[in-house]
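Below you'll find the structure, written out as structure tokens, and then a few comments.
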Amino acid sequence: MTGEGARRLRPPNNTLDRRAIAWWRTQWLLLTAGPVGVLAVLGALITPARVWLLVPAVVLAVLGLACAALIPGWWFRVHRWEVTDEAVYVRTGFFWQEWRIAPMSRIQTVDTVRGPLEQLFKLATVIVTTASSKGAVRIEGLDHELAAGLAEQLTHITQATPGDAT
Amino acid sequence: MSEPAGFGGPAEGEWRRLDRRTLLVTAVIMAGVVIGAGVPAAVGMAGGLGLLKAVGWVSAGAVLLIICGTGGDYIRWRRTRYRIGPERAELHTGLLLLKRRSLARERIRSVDLTAHPLLRVLGLVKVRIGTGEQTGAGESTLELDPVTRAEGERLRRELLDRAPGKPGTYGDGTLASFDRRWIRYAPLSFAAPLLGASAAGGLVQLSEWFGVQLRLFAWLGDYFRAVSILWGSLVLLAVLALVGAIGALGLWIEMWWNYRLEREPGRTLRVRRGLFTSRSVSIEERRLRGVELVEPLGVRIAGAARVDAVATGFAQEEEDMRSDKKTLLPAAPRALADAVAAQVLREPVSPTNSVTLLPHPRAARGRRLRWSVAYALLPVLILAVLGLLLTDVLLSIAAVCAVILLPVAVLFALDAYRNLGHGLSGGYLVARSGTLRRTTVALQRGGVIGWTVKQSYFQRRAGLLTLTATTAAGEGAYHVYDAARGEGLAFADEAVPGLLAPFLEPEPEPDQDGTPRET
């Protein structure tokens, strides 16, 4: 916009683990299966309203399947992360793209979280929090061993940094 | 502080108790509650039992309640001890579940005193000792309820005064004090319409309790039939506004009477205020990351502004940790607000004043116009659709709404755009936004502990982005809305050198649509 010397944020270096695609896909499918299942069962039981229940069920199922087929691959290309000696840098989203940067010196806690589905896919989420109530950086869908190593590395670096990080 | 060994010697602070008169306070409060509940109960029972019997029963219950309450408080008083040692401040309390809480003294960031009228009469205060930590509501505060006022003052001085006898060089003493002319800004705040509305709601509720609600509505109906509907509702609105304004005045007087902002030798800012309930809030300057000038629309039109502290350690924990705790100056003339902000930050001129704010690109104006017109059209559309389906009256109401709402929406959008701005002034990052509540935040550049850059699909097409500086203080994040893409990133990079730079790359081509293609 401002002519010469204009810069933009470069994409972070690393992609997530490829298994994240399957993980997201499963989430979409489960998310779709719930309401579609309920609608289908109701449709089977309540004959007078069958059309009114089954049509939305089919529509929802088609939408959910389309999302499950298309969106995870897209997300995989968009979600990226990077950890340098100075900062943690994460990019997420497409329609609401978001870049988050937390400097190493201000990191307070490093958590790894693994939900049941993540465990199934051997994935983990690393949550890096700073002293700001709104500054947490989440890296979702990392290989669980990589995540554990990363958390350890981050913890080491932050412990070596003096001050209370506010 | 010339008596260092005055309280149990420097090695071990001695265990102390809360003030014994807490029993009296509890008894009086219980008595108040009992009278409030007992009188209607006695009146109600008198019909069935006879007056004497009813009074007897109720007063027996009352005495029992007062004794139980006071007894409970006696146990609490017996079991509560606190100690201010050289390293830690400790509090032991609880009957069955023993609670031992201790705070490292170097982590203590605030000592706040409050006293409701009863405590004031007895010369007592409630003390809250807090660390500046955001985590775990209540975990990081000690509450001493109550101690004598002198003891409270002693605790406050001792815990916050880290460099005794070394007076600061920059503007010690009173920075601002109560001025009764400021009261003219009180009815302009948003408290007034809120209070007016709640008065109306309260009236309706009360009338229901006393079983006269139908009569109230009948009276209102008659009134509207007597005068025209337009005139009637105007008068009604005016009455409600008047009630709200009076309420706002009362609230303001209770909150801000005897207001005084001081800087104390231990590099602490202290706000004292309150007519009935006196409050003292101390903010260590180490916790301060900046100030925020807040101008609600009415107050802004009157040329005034409020000054809030942007400080760490205001965890949103309990109900009395409301936003007014961080207010350093109530709505006061803009020049004074700037002067106070400057003094608080120890700057010759307030950064909110000295900064040249860079306006945002015109695309930001378009976004604001579109949003606000959309919001204005939504009720109009709903009314119009309903009107087409049901009755023509709604159509004319929709037309009136459109005629009134659209220009207002456009004005608000233009004002919102005009208020957008950001800039750097010395060690501060300044960002301004908002129209109904315009805020200008001056944040220490060193206090920025991360950046979040957001760009929606439409922002990307317009070449805009929203920058968010995260910080440990205040709201945790301060936004620069809809800045130009390249300029915004350059601004963020300059504000906090080195943080963003490794992740920036030169723009490849002046591509018009701004879609990143590297993925």
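Chains A and B supply the protein sequences, listed in that same order.
Here the first sequence is numbered in this note's numbering, starting from 1 and rising by one per residue.
Here the second sequence is numbered in this note's numbering, starting from 1001 and rising by one per residue.
Note that the Cβ used here is the ideal one computed from N, Cα and C, for glycine as well.
Taking C-beta pairs closer than 8 Å, name the residues in chain C that residue i reaches, listed in chain order.
i: Glu140(A); result: Protein chains in the displayed structure are A and B, and chain C is not among them.
Measure the Cβ-Cβ separation of residue i and residue j and say whether it is below 8 Å.
i: Leu1103(B); j: Leu1142(B); result: yes
i: Val1125(B); j: Val1147(B); result: yes
i: Gly1290(B); j: Gly1447(B); result: yes
i: Val1340(B); j: Leu1175(B); result: yes
i: Ile71(A); j: Ala87(A); result: no
i: Ala953(B); j: Thr1070(B); result: A question about residue 953(B) goes unanswered here, because the residues of chain B that appear run from 1001 up to 1519.
i: Ile1066(B); j: Leu1095(B); result: no
i: Thr1466(B); j: Asp1482(B); result: yes
i: Ile1449(B); j: Thr130(A); result: yes
i: Val1380(B); j: Leu1405(B); result: yes
i: Glu1295(B); j: Arg1438(B); result: yes
i: Gly135(A); j: Ala1477(B); result: yes
i: Ala1416(B); j: Thr1435(B); result: yes
i: Ala1431(B); j: His1479(B); result: yes
i: Pro1361(B); j: Leu1464(B); result: yes
i: Ser1278(B); j: Arg1120(B); result: yes
i: Leu1536(B); j: Val1344(B); result: Any question about residue 1536(B) goes unanswered here, given that chain B covers just 1001 to 1519.
i: Ala1241(B); j: Ala1191(B); result: no
i: Thr84(A); j: Pro1502(B); result: yes
Would you call residue i buried or exposed, if buried means 16 or more other Cβ atoms sit within 10 Å of its Cβ?
i: Ser1059(B); result: exposed
i: Asn13(A); result: exposed
i: Glu1505(B); result: exposed
i: Asp1308(B); result: buried
i: Gln153(A); result: exposed
i: Ser1228(B); result: exposed
i: Asn1419(B); result: buried
i: Tyr1185(B); result: buried
i: Val1385(B); result: exposed
i: Thr1356(B); result: exposed
i: Thr1440(B); result: buried
i: Arg1181(B); result: exposed
i: Cys1401(B); result: buried
i: Val58(A); result: exposed
i: Asp17(A); result: buried
i: Thr155(A); result: exposed
i: Asn1353(B); result: buried
i: Val1281(B); result: buried
i: Glu1319(B); result: Here the model assigns Glu1319(B) a pLDDT of 39, short of 50, so the residue's position is not dependable, and the following value carries that caveat. Flag for Glu1319(B) reads exposed.
i: Ile1108(B); result: buried
i: Pro1497(B); result: exposed
i: Gly1136(B); result: For Gly1136(B), the predicted structure reports a pLDDT of 46, less than 50, and the residue's modelled location is therefore unreliable. The matter cannot be settled from this model.
i: Thr47(A); result: exposed
i: Ile1035(B); result: exposed
i: Val1403(B); result: exposed
i: Ala1062(B); result: buried
i: Ser1433(B); result: buried
i: Phe121(A); result: buried
i: Arg8(A); result: buried
i: Pro1167(B); result: With a pLDDT of only 46 at Pro1167(B), under the threshold of 50, the placement of this residue in the model should not be trusted; the figure read from the coordinates follows. With fewer than 16 Cβ atoms within 10 Å of its Cβ, Pro1167(B) is classed as exposed.
Between which two residues does the beta strand (DSSP E) harbouring residue i extend?
i: Leu1424(B); result: Gly1421 to Ser1425
i: Lys972(B); result: A query on residue 972(B) cannot be resolved here, the shown segment of chain B reaching from 1001 to 1519 and no further.
i: Trp1257(B); result: Unbroken run through Trp1257(B): none, as it is neither H nor E.
i: Leu1175(B); result: Gly1173 to Ser1177
i: Thr1440(B); result: Arg1437 to Gln1444
i: Trp1451(B); result: Val1448 to Ser1456
i: Gly1290(B); result: Leu1288 to Pro1296
i: Arg1432(B); result: Tyr1428 to Ser1433
i: Asp1308(B); result: Ala1304 to Ala1311
i: Leu1096(B); result: No beta strand (DSSP E) holds Leu1096(B); DSSP gives it neither H nor E.
Give a single yes or no on whether residue i has its beta carbon closer than 7 Å to a heavy atom of the ligand FAD.
i: Arg1088(B); result: Looking at this structure, you won't find the ligand FAD or any other ligand, since it has none at all.
Just to confirm the assignment, what range does the alpha helix (DSSP H) spanning residue i have?
i: Leu1345(B); result: Arg1334 to Leu1345
i: Val59(A); result: Arg50 to Val78
i: Trp1057(B); result: Leu1051 to Arg1079
i: Val1204(B); result: Ala1191 to Trp1209
i: Leu1118(B); result: Pro1117 to Leu1122
i: Pro1351(B); result: Pro1351 to Ser1354
i: Ser1372(B); result: Arg1362 to Leu1389
i: Val38(A); result: Arg19 to Leu45
i: Leu16(A); result: It is not in any alpha helix (DSSP H) - Leu16(A) carries neither H nor E in the DSSP assignment.
| query | Per the contact definition of three or more C-beta pairs closer than 8 Å, is the stretch 1482-1496 of chain B in contact with the stretch 1440-1453 of chain B? | reply | yes
| request: Please go through the stretch 86-163 of chain A and give each complete beta strand (DSSP E) segment of 3 or more residues, from N-terminal end onward. | output: 87-92, 96-103, 107-113, 123-130 and 137-143
| task | Would you list, in sequence order, the uninterrupted beta strand (DSSP E) runs of no fewer than 3 residues that lie entirely inside the stretch 1470-1512 of chain B? | result | 1477-1484 and 1504-1506
| task | Would you check if there are 3 or more beta carbon pairs closer than 8 Å linking the stretch 1011-1022 of chain B to the stretch 1081-1093 of chain B? | result | yes
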